[in-house]
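Counting from 29, one number per residue, gives the positions in the sequence shown under my numbering. Using N, Cα and C, we set each Cβ at its ideal position, and we do this for glycine too. Data block below; observations after.
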Amino acid sequence: MSKLRALSLFAGIGGFDLGLERTGGFEIVGQCEIEPFQRAVLRKHWPEVQHIEDIHDIERFDCDVICGGFPCQPFSTASRGRRVAVDLWPEMRRVIDGSDPSYVIAENVSEYAIEIAADDLRTLGYNIAIRNISAHDCGAPHGRSRWWLVAHPHEEGKFQRALDAEVAKLPELCAGLWNAEAYAGAIRVSDGLSHRVHRVEALGNAVLPQIPQVIGLAILATHPSGGDSHGE
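Shown next as structure tokens:
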């Protein structure tokens, strides 16, 4: 089976990207990130990938997977108490709608934000799997709990079983792999500056790569060989 092509939105320092590549079944073909320091990190580690600064500049992207941890700060209270995103989730949804990938992987610290995204993606024809995973449970030096969404075209029970089987492997997969100092060093840029504040901020917002790795493995376990399956 050829590798699934992934577009990484709100890419940060590439946690999604690294995790998906570790499976051996994904190729990162595009990265979108607005912050200059994070873009420098991405260019250092993925020099051949198409880099896009502003998500508003993306109309359609040829890919099989769109992934991203859309920021939750733009969510605000609107009529009837419903919180809506001012521009970031709707922009991600717009790119998904225009690109029609087979899979979407999204992450947010807010369950409410993920549920809004799930409702929108269901209207686009996807089935949805949602999991709450704590980085602390994976052996990381912080305990942030994050919500993960996978939009997929498969029968729900089949994909849920594959996802649960892979997520159960996280403790073993992460054992002995997380080293905060080594990870911090890995995201230095090569201009001779430490950028300590930017590195601390980038680490604080970073996705633990092992989580998208197991999600990617679940996708590969259920993806039919030989091409696009969205809409079948």
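- The DSSP-derived three-state label of residue 91 is coil.
- Beta-bridge analysis with DSSP links residue 123 to no other residue.
- Boundaries of the alpha helix (DSSP H) harbouring residue 245: 238-250, taken from the DSSP string.
- Ranked by Cα distance from residue 61, the first of 51, 37, 53 and 117 is 37.
- C-alpha of residue 176 to C-alpha of residue 167: approximately 18 Å in a straight line.
- The beta carbons of residue 48 and residue 68 sit no closer together than 7 Å.
- Straight through space, the alpha carbons of residue 96 and residue 75 are spaced by roughly 19 Å.
- Per DSSP, the unbroken beta strand (DSSP E) holding residue 60 starts and ends at 54-60.
- DSSP lists 58 as the bridge partner or partners of residue 78.
- If you look at residue 71, you'll find it in the alpha helix (DSSP H) that goes 64-73.
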